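The sequence shown begins at -9 in my numbering and counts up by one.
A short write-up of the structure that comes next.
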Amino acid sequence: MSEFVVVVTLPGTPEHFTKTFCGPAVIGRSDGCDIQLSHPLVSRLHAKISREPDGGFLIRDLGSRNGTTVNGQVLRDADSVVVGEVTVQIGPYVLLLAPPATADSTTMLVDARQVKTRVTLDRGLRAVLLDGKVVIERLSVREYRLLDVLASLAPNLAESRELGDAVWGDGQWDIYMLHNLIRRIRRKLEEAGAPADELIATVPGVGYRLA
């Protein structure tokens, strides 16, 4: 089985490490995992990574509570096969996957200055985290539902209709209700010192995008 390298980074901190594997690697909070990530947003057995014979990577979410993001797409108890550059997000951690020949160049990519701020949600607490740090301790049910839709589609655009229907139900809302809810979430982010307008970007006349 082909070797591969996993470079693990915690954005916004100097924490990073590199491991090389010749077979599947299990990632999670448990002591027995091949890559142990000690954070409450990481499940005990969170995900599994292996390299396919054609050189691609198979990433499997192991039924984690918060899902596994692969190149911007969220997996929930599902698989994804990716050929080429692979970025995996688990809780606040960013994992870059590469064959050994490109390990040095991959390490350069994870310089903390090059990693953008990451927004994650804690489903149990309905909290918002930036780079693993809690900035909003408790969202209302509607605030959480709206951010959950944005997060599930990020970095892609969420249309206003899609957001409104998800939060209030089909035909039970208007555009002013949606704008006010977005404004309320942005205000909470601003009060926490976060760049609210950059994190929740407006596409006029169309919808919103979570950075």
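Note that CB positions come from ideal geometry on N, CA and C, so glycine has one too.
What you are looking at is a predicted structure, and each value in this text was computed from that prediction instead of being measured.
I39 is positioned such that its CB atom lies closer than 8 Å to that of L87. Here L179 is not bridged, per DSSP, to any residue. Per DSSP, L143 is one residue of the alpha helix (DSSP H) stretching across 131 to 143.
If you draw a 10 Å sphere on the C-beta of V(-2), you find 16 or more other C-beta atoms in it, and that means buried.
Under the three-state reduction of DSSP, G74 is assigned to coil, being neither helix nor strand. Cβ-Cβ separation between G122 and H36: approximately 15 Å, too far for a contact (criterion under 8 Å).
In the three-state scheme derived from DSSP, where H, G and I count as helix and E and B as strand, S(-8) is classed as coil. Distances from the CA of G46 to each of P185, D138, V124, V76 were compared; the closest alpha carbon is that of V76. Assignment of beta-bridge partners to V193 by DSSP yields G197. Taking 8 Å as the cut-off, the Cβ atoms of A191 and A182 do not count as close. Taking a 10 Å sphere around the C-beta of D44, we find fewer than 16 other C-beta atoms and assign the residue as exposed.
In this structure, the beta-carbon distance from V64 to I49 does not fall below 8 Å. Contact annotation: G62 and A144 have beta-carbon atoms nearer than 8 Å. In the same chain as D21, and ignoring 5 residues on each side of it, no C-beta atom comes closer than 8 Å to its own.
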